Amino acid sequence: MPNSTVDETKANVAHTPDVKQLSPSSYAPDESTKNGDIDDATDGNASAQSTIESSLTQSSQSEHPIIEFGYGGLIKDLSAWSKIGLPKFVIASHIDVEQIEFISKFRSSAGHDFSDSFESCCSMKHYYRPLDYYDSRFTQPIYSPVDGVLLYISDRSYGSSSNEWEIAFEEASGKTVPADYLDLDLYIRPDNAPNVWVRHMHVNPIYEILDVVSITSPIDLMMGTARPSEIGFRVTAGDLIGHGLGEISITKHHDGTGIPTPCNSKRTRSEWANSPGCKEVISHHSVFELMSDEVFEEYEKNSQVGRADFIIPVEERKANFLECDGEDFLNPGSTGDPEVFVRLQ
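With my numbering applied, the sequence shown covers 1 to 345.
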């Protein structure tokens with residue numbers, strides 16, 4: 001069970017991994033991670049990943065860490081680190097799994113096109129639908145799934161449809177959105193994957209986070225003018241970070257500045273092709289690909305599922321491709337479709 005309290009002293013960032021002491025070029029390339037598949041990108045390079053995890057863990061305890069991060073907040077040499085397979089750095093559940101009824105599949109037609117530099121017209125993230133969605137929409141606890149530092153908060157004000165979720169909620173439930181609810185996206189850099197952003201979407205963060213991390217806009221992220229918090233908010237896996245939806249994405253940066261990018265659809269990549277955000281080379285990964293066995297056991301308690309149940313393989317998606325009109329799927333999926341959502345209970 002995730003921790004339900006947060007030590008306020010964590011606003012002062014603790015030791016950061018001594019990433020400069022690692023040599024990415026000494027590890028064998030693992031190109032399969034670009035596809036975000038579960039055919040074990042994380043196991044095919046086990047020896048290298050074990051070395052990475054061990055080195056990062058040891059260096060995080062250093063009294064005088066040597067930091068070599070880029071100005072975007074991620075490791076500076078992203079191109080070298082892109083050759084390294086990602087370890088299973090998700091060591092806590094970001095949500096109380098026993099309260100979840102449906103989870104969308106990676107590369108499904110749930111929601112809208114959310115894709116990376118290598119794929120298009122599919123949803124490369126996960127939606128979590130709780131049993132009592134309308135009652136818990138604004139009170140569902142969200143936890144950090146990793147040890148790391150929260151460095152960015154972004155609002156969701158960009159675009160003409162930015163408040164569609166609010167309209168849909170009020171029409172379906174007859175309730176109004178709480179006046180003090182902040183609908184924000186939180187970005188955490190994991191200690192054991194310093195070339196990755198873990199993004200929590202539609203979350204109202206705890207006050208301690210807002211005290212030390214300012215809110216930026218999607219436009220600032222796209223134009224490359226946003227910068228990470230100078231202090232940041234250090235989190236331990238299982239720490240409460242806010243309340244809201246369990247919607248989560250994990251993005252590996254292969255090249256660029258390392259600034260989180262809102263360039264996550266084919267249409268956006270076309271319309272904003274010359275913007276700094278769309279010049280970032282990224283790949284999205286499923287949280288089920290990167291969670292520890294202990295975390296996945298929480299899902300197995302509720303249903304007879306395997307990791308592969310939550311991920312549509314890239315080959316299958318290409319063979320049965322989806323069609324999009326802009327960012328919208330021509331045939332959007334629903335919770336009742338087992339090809340799109342996994343039902344836990």
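Where is the CB? At the ideal position from N, CA and C, for every residue including glycine.
Predicted, not measured: the structure shown is a model, and the values here were computed from it.
Neighbourhood of residue i by C-beta, 7 Å cutoff - its chain only, sequence neighbours within 5 removed
i: T335; result: F102, R129, F341
i: Q345; result: E101, N302, S303
i: L330; result: E323, C324
i: E298; result: S93, V97
i: A193; result: L86, P87, F89
i: E53; result: Note that E53 has pLDDT 43, beneath the 50 cutoff, so the model's placement of it is unreliable and no number is given.
Inter-residue spacing [alpha-carbon to alpha-carbon] between residue i and residue j
i: V97; j: V295; result: 10 Å
i: P338; j: D239; result: 32 Å
i: R343; j: E300; result: 12 Å
i: R317; j: E289; result: 17 Å
i: P218; j: I259; result: 11 Å
i: A46; j: G85; result: Bear in mind that the predicted position of A46 carries a pLDDT of just 42, short of 50, making it unreliable; the figure below should be weighed with that in mind. Rounded to the nearest angstrom, the two C-alpha atoms are 8 Å apart.
i: L182; j: D255; result: 32 Å
i: V346; j: I312; result: Because residue 346 is not part of the residues shown, which for the chain are 1 to 345, the question remains open.
i: V198; j: S79; result: 19 Å
i: S144; j: R156; result: 20 Å
i: G333; j: S117; result: 23 Å
i: W165; j: I95; result: 20 Å
i: C122; j: G326; result: 12 Å
i: G73; j: T225; result: 13 Å
i: N3; j: A319; result: Legend: pLDDT at N3 = 47, less than 50; position of this residue unreliable, value from coordinates given subsequently. If you take the alpha carbons of N3 and A319, they lie about 42 Å apart.
i: M124; j: E280; result: 17 Å
i: K252; j: F233; result: 20 Å
i: D220; j: Y207; result: 23 Å
i: D132; j: H284; result: 29 Å
Contacting residues, own chain, Cβ-Cβ under 8 Å from residue i (five flanking each side not counted)
i: E170; result: T176, V177
i: C278; result: M222, T261, C263, T268, R269, W272
i: D328; result: H112, D113
i: A168; result: none
i: F310; result: I103, K105, F106, H126, S286, F288, V342
i: S109; result: C122, S123, L322, F329, N331, P332, G333, V340
i: N163; result: none
Cβ separation of residue i and residue j, assumed to be a contact under 8 Å, to the nearest whole Å
i: T261; j: I282; result: 6 Å
i: I153; j: P205; result: 7 Å
i: I241; j: L151; result: That belief does not hold up - the Cβ atoms of I241 and L151 are roughly 13 Å apart, past 8 Å.
i: I142; j: V203; result: 5 Å
i: V149; j: I188; result: 7 Å
i: S265; j: S115; result: 6 Å
i: L245; j: Q99; result: About 12 Å; that fails the 8 Å criterion.
Beta-carbon proximity list for residue i, same chain, < 6 Å, skipping 5 on both sides
i: T268; result: none
i: S173; result: Y134
i: M201; result: D185, E247
i: D147; result: D191, T236, A237
i: S359; result: The first residue shown for the chain is 1 and the last is 345, placing residue 359 beyond what the model contains.
i: I91; result: A237, S292
i: F138; result: P178, Y181
i: G70; result: K76, G258
i: T216; result: S154, A226
Counterpart residues of residue i in DSSP-defined beta bridges
i: K252; result: V196, S283
i: A324; result: Rather than Ala, the amino acid found at residue 324 in this sequence is Cys. Partner(s): F329.
i: P190; result: G148
i: G244; result: V203
i: R343; result: F102
i: M291; result: V90
i: L182; result: None, per the DSSP bridge assignment.
i: S108; result: S123
i: T216; result: S154
i: I231; result: Partner(s): none; I231 has no beta bridge.
i: I311; result: F106
Residue i Cβ short of 7 Å to the ligand MG heavy atom set
i: C324; result: The ligand MG is not part of this structure, which contains no ligands at all.
Alpha helix (DSSP H) runs wholly inside the segment 67–103, at least 4 long, in chain order
78–81
Which full runs of the alpha helix (DSSP H) of 4+ residues lie inside the segment 113–159, going along the chain?
133–136
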